[in-house]
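First the structure, in the form of structure tokens, and then the observations on it.
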Amino acid sequence: MKTRVLIVEDEEPIAVLLRYNLEADGYAVETEARGDRVEQMVAEEPPDLIILDWMLPGVSGIEICRRLRAREQTRRLPILMLTARGEESERVRGLSIGADDYVTKPFSLPELLARVRSLIRRARPDLSDRLLEAGDIVLDRETFRVSRASRDLMLGPTEFRLLEYLMRSPGRVYTRAQLLDGVWGRDSDIDERTVDVHVGRLRKAVSTDKEVDPIRTVRGAGYAFDERFGALKP
Ligand code: CA
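Numbering (this note's numbering), first residue to last: 4 to 237.
Here is the structure:
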């Protein structure tokens with residue numbers, strides 16, 4: 004099960020940007036532009052986190068926040084508030100309305116994504132620590148299983164660690180030396196070509212001929228878990 008994020012934002016470009024990037028990070032995302040639909044959506048299927056804009060048509064983000072906090076079922080639902088510059092008043096600063104965190108627009112995307120991850124980690128340590136998900140791939144750190152499109156993948160221990168390492172930071176390019184450090188350990192006395200061999204094995208285990216290869220070779224640099232892969236529909 005993916006971690007579910009509800010984005011409540013009436014500025015479409017922001018909602019689209021957030022959706023794209025959160026999906027690439029492995030979250031299941033829903034968006035809503037009107038404040039007066041949120042309570043019902045949350046009651047029907049509670050998300051794991053809400054990104055809530057301050058000014059919304061219908062009911063304001065502040066009012067939604069207050070109402071969600073007043074109800075037992077949503078009292079502890081993580082809420083990340085978005086505010087425009089200037090709205091960042093003392094009221095928000097004190098987070099007296101009950102939001103867990105807030106970000107001022109225009110925001111830095113990596114920072115916002117980091118806050119989302121940290122709020123979810125705080126609220127659902129079981130979920131975020133255990134599973135890494137991107138697109139149709141799910142890696143379970145507890146059972147050491149990896150599946151793709153619901154079929155179990157057979158990975159050796161090194162390929163498992165390599166995939167886990169790459170999946171932790173989608174889009175980040177690692178050099179062979181960094182992968183040796185991170186996956187094999189700092190003192191390992193292994194040739195960098197070993198990395199290529201294991202990446203090759205990992206690729207074979209993860210993708211059939213018809214499937215998209217989630218691992219990107221960056222010529223002259225190294226390897227990355229493709230950040231666009233997570234946005235693919237399983
Ligand atoms: Ca707005």
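Backbone N, C-alpha and C fix where the C-beta goes; we use that ideal spot for every residue, glycine too.
Check, Outcome
"Answer with buried or exposed for T146, where buried requires no fewer than 16 other C-beta atoms within 10 angstroms of its C-beta.", "exposed"
"For L112, count neighbouring C-beta atoms within 10 Å of its own C-beta (all shown protein chains included) and say buried if the count is 16 or more, exposed if not.", "exposed"
"Which residues neighbour ligand 1 when neighbourhood means a C-beta less than 6 Å away from any of its non-hydrogen atoms? List them by chain order.", "D13, E14, D56, M58 and L59"
"Starting from I54, follow the alpha helix (DSSP H) in both directions and report where the run begins and ends.", "No alpha helix (DSSP H) contains I54, which is instead part of the beta strand (DSSP E) from L52 to D56."
"Okay, do the region 164 to 177 and the region 134 to 143 touch, 3+ Cβ pairs below 8 Å being the bar?", "yes"
"Which class does F228 belong to by DSSP, given the choice of helix, strand or coil?", "strand"
"Look at the Cβ atom of V8, then the Cβ atom of Y23, and state whether they are nearer than 7 Å.", "no"
"Less than 8 Å between C-beta atoms, sequence neighbours within five positions excluded: which residues of the same chain meet that for E48?", "R7"
"For E35, which of helix, strand or coil comes out of DSSP?", "strand"
"Please state whether DSSP places E93 in a helix, a strand or coil.", "For E93, the pLDDT reaches just 49, beneath the cut-off of 50, and the residue's location in the model is therefore unreliable, although a value from the coordinates is still provided. Here E93 sits in helix by DSSP."
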